[in-house]
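Novice:
In the numbering used here, the protein residues as written are -6 to 563.
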């Protein structure tokens, strides 16, 4: 969080050990006794603020991003083990990836859940005011649900622990069974539904970044959308779609959020009108995303690692400025001049051959040198013929191991996603109604990007609208770590509905650009094979977690078909 919310870390680990009372004196605000910690609101806030500070993903400070696990992005190196294990379908309970920024790391997740449980218990038992208890406990319950939602999407059913476990208290079992996937979902949305009305509509100033009503409802609506999708909804229960649409619409009707006027600067302005819940950065907590994700070899003293490398599949999803996909004969797309006449989001998102970075460095992928396309993995150069511009601050001074001098927030959720979530759910219920079109058009036409859907496509039904919405999601939300979850919930990773190979079972593609007699030629090439097995829609529980928990190890069968507590296929 920002400097506006102070973080005190030393006492946190001590406070988690409830039997310990040998603390430093309270006058030293770097640590406080257990009694004082829970008797003063400002001290209890220190504990809660540290929970915010510990939220994952810390996505602007890592080398990997979740789009690398999907079909949106490649990376020109092979050292990222989690990325390689997913791409090669070599995941096991022993080498399971913990996600980018350890977002679904089992042990770290349950440490965060324990912090939430400690805060809830201690504040409930304290003499603090009722109003403080109601509000701050609601925040802690939100944060706990937030952690659980990562686990649920990754593993399905997980142990639901709502009290601090203590090996000195034999009344509380230390080993807990896995709840079913349905029970885990029910717990998450129930918690969010209960705390939403107890949170403030907005948090600004010193409290920017705290959980709000909109954050709770947005997370609830997202989980309901995930639950309604194929993986969680084999019977295609229409009521699930209705529930998701209703929750998303409640966020829209709050009147608190609106789209930022300019997509180009959306990610450069913290806590703007579109931001719903974001990890806060600031002068005392910067990040180095430009170094990790920016293009390499920018002069002699400024260099990035090039870890944003859009695939040709993603590039081809961007429409033309007339709103038509490039596959439409009427779109005007010219394969010999593929980067002309594209929609505005393309130019705000993709660095392609001939585009400029920082208004001084021209990306050249066809002529060799520091930015040539690298069809091997010998360096950081683009493996696909592209780098990405989105979310990167071109005004930041870079060095190979530079200081963390970028201060842009990482948005977990923004209003544009809520509109897309609503459009998807409502379309599955009622088809392309005016409400669906209004929501998708707000996103699609932002800042004169493209014409409205109905002005571009003359014949619309539920199926064609579903295709439009999915393409809009991929383009609008790329490099925001959403695509991995979308292809999993839609179950299009291993195979498509028509039986053809899924998006993760075909090679990633790039653009090879060559010069012949002064003319550039563009050739789409395969750059990396991918493999995805049906079992991978859920990750395996880490074997260590099963070995330490005999209750989980004894769980077999049931609605989730566990074998010795493990997900099927592992």
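In this text, a Cβ means the ideal position worked out from N, Cα and C, and glycines have one as well.
1) Give a yes or no on whether the C-beta atoms belonging to residue 335 and residue 301 are separated by under 7 Å.
2) Give me, in chain order, the residues of the same chain whose beta-carbon lies closer than 7 Å to that of residue 479; leave out the 5 immediate sequence neighbours on both sides.
3) Under 8 Å, with one C-beta from each stretch per pair, do the segment 447 to 455 and the segment 482 to 499 reach the 3-pair mark?
4) So, are the CB atoms of residue 107 and residue 157 less than 7 Å apart?
5) Output the distance between the C-alpha atoms of residue 549 and residue 561, rounded to the nearest integer angstrom.
6) Measure the alpha-carbon distance for residue 286 versus residue 519 and round it to whole angstroms.
7) Can you tell me the Cα-Cα spacing of residue 165 and residue 544, whole angstroms?
8) Can you grab the Cα-Cα spacing for the pair residue 198 / residue 135, in whole Å?
9) Alpha carbon to alpha carbon, how far is residue 407 from residue 456? Give it in angstroms, no decimals.
10) Can you name the start and end residues of the beta strand (DSSP E) that residue 505 belongs to?
11) Please go through the same chain and pick out, in chain order, the residues whose beta-carbon is closer than 6 Å to the beta-carbon of residue 259, but skip the five residues on each side of it.
12) Starting from residue 268, follow the beta strand (DSSP E) in both directions and report where the run begins and ends.
13) Residue 262 and residue 377 look like a contact to me (Cβ under 8 Å); what is the Cβ gap, rounded to whole Å?
14) Taking the Cβ atom as the reference point for each residue, do residue 419 and residue 429 lie within a distance shorter than 7 Å?
15) What are the start and end residues of the alpha helix (DSSP H) that includes residue 116?
16) For the beta strand (DSSP E) containing residue 26, list its first residue and its last residue.
17) Once DSSP output is grouped into helix, strand and coil, what is the label at residue 407?
18) With DSSP run on the structure shown, which of helix, strand or coil describes residue 487?
19) Should the segment 208 to 215 be called in touch with the segment 230 to 249, which here means at least 3 C-beta pairs below 8 Å?
20) Assuming residue 343 and residue 382 are in contact, meaning their beta carbons sit under 8 Å apart, how far apart are those beta carbons, in whole angstroms?
21) Roughly how many angstroms lie between the CA atoms of residue 556 and residue 539, to the nearest whole one?
22) Can you find at least 3 beta carbon pairs, one from the segment 135 to 146 and one from the segment 177 to 187, that sit closer than 8 Å?
23) Should residue 547 go down as buried or exposed, given a rule of 16 or more other Cβ atoms within 10 Å for buried?
24) I'd like the span of the alpha helix (DSSP H) that includes residue 437, first residue to last.
25) Have a look at 326, 190, 202, 47 and flag the residue whose alpha-carbon is nearest the alpha-carbon of residue 210.
26) For residue 521, name the three-state secondary structure that DSSP assigns.
27) Report the residue from 101, 349, 62, 206 whose alpha carbon sits nearest the alpha carbon of residue 82.
28) Opposite residue 399 in the DSSP bridges: which residues?
29) Cα-Cα, which of 79, 68, 188 is closest to residue 113?
30) Mark residue 14 as exposed unless 16 or more other C-beta atoms lie within 10 angstroms of its C-beta, in which case mark it buried.
31) Using the rule of at least 16 other Cβ atoms within 10 Å of the residue's Cβ for burial, across every protein chain shown, is residue 8 buried or exposed?
32) Between residue 504 and residue 515, is the Cβ-Cβ spacing less than 7 Å?
33) Distance check for residue 536 and residue 87, CA to CA, integer angstroms please.
34) Measuring only the C-alpha atoms, how far is residue 307 from residue 380?
35) Shortest alpha-carbon distance to residue 55 belongs to which of 508, 475, 298, 521?
36) Can you tell which of 95, 67, 121, 171 has its C-alpha closest to the C-alpha of residue 564?
Specialist: Straight from the coordinates:
1) no
2) 466
3) Judged by pairs of C-beta atoms under 8 Å, the segment 447 to 455 does not touch the segment 482 to 499, as fewer than three such pairs exist.
4) Closer than 7 Å, so yes.
5) 10 Å
6) 22 Å
7) 14 Å
8) About 20 Å.
9) 26 Å
10) 501 to 509
11) Excluding sequence neighbours, residue 259 sits near 253.
12) 268 to 272
13) Incorrect: roughly 29 Å between the Cβ atoms, too far for contact.
14) Yes, Cβ-Cβ distance for residue 419 and residue 429 is below 7 Å.
15) From DSSP, the alpha helix (DSSP H) with residue 116 extends over 99 to 118.
16) Residue 26 -> no beta strand (DSSP E), and no H or E assigned at all.
17) strand
18) If DSSP states are grouped into helix, strand and coil, residue 487 belongs with coil.
19) Short answer: they touch.
20) That belief holds up - the Cβ atoms of residue 343 and residue 382 are roughly 7 Å apart, short of 8 Å.
21) Put simply, the backbone Cα of residue 556 is about 11 Å away from that of residue 539.
22) yes
23) exposed
24) In the DSSP annotation of this structure, the continuous segment of the alpha helix (DSSP H) that includes residue 437 starts and ends at 427 to 437.
25) 190
26) strand
27) 62
28) 280
29) 188
30) At residue 14 the pLDDT is 31, less than 50, meaning the model places this residue with poor confidence and gives no usable figure here.
31) Confidence is the limiting factor: at residue 8 the pLDDT is only 42, short of 50, which leaves the residue's position unreliable, though a coordinate-based value still follows. By the 10 Å Cβ count, residue 8 comes out buried.
32) yes
33) 6 Å
34) 12 Å
35) 298
36) One cannot answer for residue 564 here, as it falls past the ends of the chain, which runs -6 to 563.
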